[in-house]
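Shown next, in C-alpha cells, is the structure this report addresses.
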Amino acid sequence: MKGLARVLADLRADVTYPGDPGAIIKRRARPACPVNSPGAKDLDWIPVVSQRGWLILTRDGQIRAHRRELAAVRDNNARMVALSTEHARGTFEQLEIVMCQ
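For what it's worth, the UniProt record's numbering labels the leading residue of the sequence shown as 1, then goes sequentially.
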C-alpha cells in the first residue's frame with residue numbers, strides 16, 4: 001500500500017502515509033504525517049487517523065480476524081477499505097481499484 005500512497009501523495013496534498021515528511025504539492029502544503037513509522041502498531045495509529053476523519057486504505061485481508069484492531073476501527077468510527085484480493089497486489093492494480101470505485 002505504501003507504493004500506492006506515495007503515488008497518490010505525489011499528486012494530491014490531502015494524501016499521506018506513515019513516515020511521510022510532508023511536501024508542497026501544487027502550491028499546497030501537506031504537513032508531515034502524524035504517524036511517524038510504517039511499523040506503528042494498529043492500536044496506536046487508528047485513533048490518530050480516525051480523529052482526523054481520514055480514510056484508511058489497507059491490504060490487511062485478515063482484519064476481521066484481529067479482534068483488537070477491528071474494535072479500534074469500530075470504537076474510533078474509522079473509515080477503512082481493505083484491498084486484499086489477488087487483484088490488488090501491485091501499485092498499479094491498487095491504483096486501478098481506487099480510481100474505478
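Positions of the beta carbon are idealized from the N, C-alpha and C atoms, including for glycine. All figures in this text were calculated on a predicted structure; none of them were measured in a lab.
Would Ser50 be called buried (16 or more neighbouring beta carbons within 10 Å of its own) or exposed?
-> buried
Thr58 bridges to which residues according to DSSP?
-> Ala82
Bridge-paired residues (DSSP) for Ala5 = According to DSSP, Ala5 bridges with nothing at all.
CA nearest to the CA of Arg68, picked from Asp44, Ile24, Ala5 = Asp44
Quick one: grab the DSSP three-state call for Arg27.
-> coil
Burial state of Ile24 (16 or more Cβ within 10 Å) = exposed
With DSSP as the reference, label Ala32 as helix, strand or coil.
-> coil
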